[in-house]
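> First the structure, which I've put down as structure tokens, then a few questions once you've had a look.
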Amino acid sequence: MALRISLLFAVCVLATDGSRFIRAAEANEMSMCGPGKGSCEMGSCCSEMGYCGTTEQYCSGSQCQLDYSHTCHTLVPPRGKDTSGITRRQVGNVPYGPMITACKQPGMVALTFDDGPYIYTTEILNLLDRLKVKATFFITGDNRAKGHIDDPATRWPSIIRRMYDAGHQIGSHTWTHRDLNQINETVRRAEIIHNEMAIRNILGWIPTYIRPPFLECSARSGCEKTMRDLVYHSISTNLDTKDYMYDDPALIQRAKDLYSNGLSTNPRQNSYIVLAHDVHEQTVYELTPHMVKVARERGYKLVTVGECLGDPRGNWYRSAEDSPKSTRSDKKKDSCPGPKKPIVTDIPPPRNTTSKISPNQRCGGSTGYICPGSGFGDCCSHYGYCGSTPEFCGTGCDNDFGDCNPNPPSIWDTTNGLCGARFSATCLNFAGKACCSKYGYCGNKTEHCGEGCQAKYGRCD
């Protein structure tokens, strides 16, 4: 359990992504979590700063500490059927798996924008329209406390549809922006598949291009193999503006200088994939106009990543052929040419809560909601969320509020990191996190492998 401390003041936290949030200490009490402090109670998330909470600021994005949380949004998928089983074939000549850093032909500049959509994305789309420039947006599904990008109650679905309508290329930047080298295969696939599902819910297809967060995806970590298995082109950069460091009127000139100094004056022998972010105000109003102006002055053609790699538009996206309510009729092809209008998958409105079917993916406990028929998946996880993958239907699944995989008669391998006598589950085969802590969580740190470690359900030091 988490350490509880008394606080007589509000706590202001500056997250690594620049967002601020304040949690007032109305009850003069706050739970601390993390290494040496323990895990949060059921239904809570452990924030980057080591406090338990239930709002987006605690549970969203890569800062939520998976080892000490119950409900980090990384493992909470969007609505609809899992896309992991769709057909994935390699088409075209662009490599799948290894990171790609440069265009194939000289004379091209591909502007790319990561981390959105966000509050400034509409403005950057307006700007690109005025400048008649097509760019590439690598979108993140649930970061910066913005909620799910496919939530029809937010502005994000319409912004993403507008991107596509305008002719920009859309790629994936994962679900909650975790370093793909630093997580196990289960979490890594969740980052990729969950973002696919959200994009599918908005547009009816999924991208074949991805930019790993922090540009991290190595062969040694297994990430490169994951990209190859899921048939993705992994895109890096050969000109990083580092705009995230200079999002201030007094500092943005440094990002402009990085770009200008890095862009050769000889377009006949050079080309660039440029990294910037549409989540920063100064990038929208100062850096982007500068990048376009300088590229054109030096004789470069501004293109999408797919164009700079010589990849036909029809290869940029893959059919989500098993999508619910997809309007797509041709399900034989594995890559779909971009239509004049985006293919939109309708997202059903929340159900009437009097039916007891979950309207918001929560289930069990005080909600009383059940999962079958919800559209989120028929299993109610230990943490109180509906889903359909082993993380929801396996260890700790609550069969009072949904369907569950049958438990074997003795100890079984954990499907989601829950372990110990309560779950009859062992950590020995859980992606390198072989110790079962006294609180019932798999891990490989002192808190898991040391005092109180459950030797019957994993390794102990």
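Count the sequence shown with mature numbering (1 follows the signal peptide of the UniProt record, and there is no 0) and you get residues -18 to -1, 1 to 443, in order. Note that CB positions come from ideal geometry on N, CA and C, so glycine has one too. In this text, all values refer to a predicted model and were calculated from it rather than measured experimentally.
1. Relative to the C-alpha of Met31, which residue among Gly25, Ile339 and Tyr50 is closest?
2. According to DSSP, simplified to helix, strand and coil, what is Leu109?
3. With Ser301 as the anchor, note down where its beta strand (DSSP E) starts and where it stops.
4. How about Val91 and Tyr254: are their beta carbons less than 7 Å apart?
5. So within the segment 328 to 398, which uninterrupted beta strand (DSSP E) runs reach at least 3 residues, ignoring any that extend past its ends?
6. If the criterion is Cβ atoms closer than 7 Å, does the pair Thr36 and Thr158 meet it?
7. Which class does Lys283 belong to by DSSP, given the choice of helix, strand or coil?
8. What residue range is occupied by the uninterrupted beta strand (DSSP E) comprising Pro189?
9. If we ignore side chains and look at the alpha-carbon of each, how far apart do Ile165 and Tyr282 end up?
10. CA-CA distance, Lys19 and Cys435?
11. For Asp382, does the count of other Cβ atoms within 10 angstroms reach 16, so buried, or fall short, so exposed?
12. Out of Leu257, Gly346 and Cys205, which one is the CA nearest neighbour of Asp222?
13. How big is the Cα-Cα spacing for Ala277 and Thr190?
14. Going residue by residue through the segment 29 to 73, where are the continuous alpha helix (DSSP H) segments of at least 4 residues, counting only ones entirely within it?
15. Consult DSSP for Tyr423 and reduce its assignment to one of helix, strand or coil.
16. Taking contact to mean 3 or more Cβ pairs, one atom from each stretch, closer than 8 Å, check whether the segment 37 to 44 and the segment 116 to 136 are in contact.
17. What are the boundary residues of the alpha helix (DSSP H) that includes Ser216?
18. Enumerate, from N- to C-terminal direction, the unbroken alpha helix (DSSP H) stretches of 4 or more residues contained entirely within the segment 110 to 164.
19. Between the Cα of Lys438 and those of Thr408, Gly414 and Gly432, spot the shortest distance and give me the residue it belongs to.
20. So, is residue 445 buried or exposed, given that buried needs 16 or more other C-beta atoms within 10 angstroms?
21. In the DSSP assignment, find the unbroken alpha helix (DSSP H) run with Leu240 in it and report its ends.
22. Whose C-alpha, out of Ile188, Asn108, Glu167 and Ile68, is nearest the C-alpha of Met145?
23. Quick one: using the 10 Å Cβ neighbour count with 16 as the cut-off for buried, is Asn248 buried or exposed?
Let's see:
1. Tyr50
2. helix
3. Tyr299 to Ser301
4. yes
5. none
6. Using a Cβ distance threshold of 7 Å, Thr36 and Thr158 do not count as a contacting pair.
7. strand
8. Note, Pro189: beta strand (DSSP E), Trp187 to Pro189.
9. 39 Å
10. Roughly 15 Å separates the two Cα atoms.
11. exposed
12. Leu257
13. 27 Å
14. You should have 38 to 41.
15. Tyr423 falls in the strand class under three-state DSSP.
16. Counting C-beta pairs with one atom in each stretch, the segment 37 to 44 and the segment 116 to 136 have three or more that are closer than 8 Å, which means they touch.
17. Segment His215 to Ile217 is the beta strand (DSSP E) holding Ser216; no alpha helix (DSSP H) there.
18. As far as the segment 110 to 164 is concerned, its whole alpha helix (DSSP H) runs of at least 4 residues are 138 to 147.
19. For Lys438, the closest of Thr408, Gly414 and Gly432 by C-alpha to C-alpha distance is Thr408.
20. Residue 445 is absent from the model: the chain starts at -18 and stops at 443.
21. Ile234 to Gly244
22. Asn108
23. exposed
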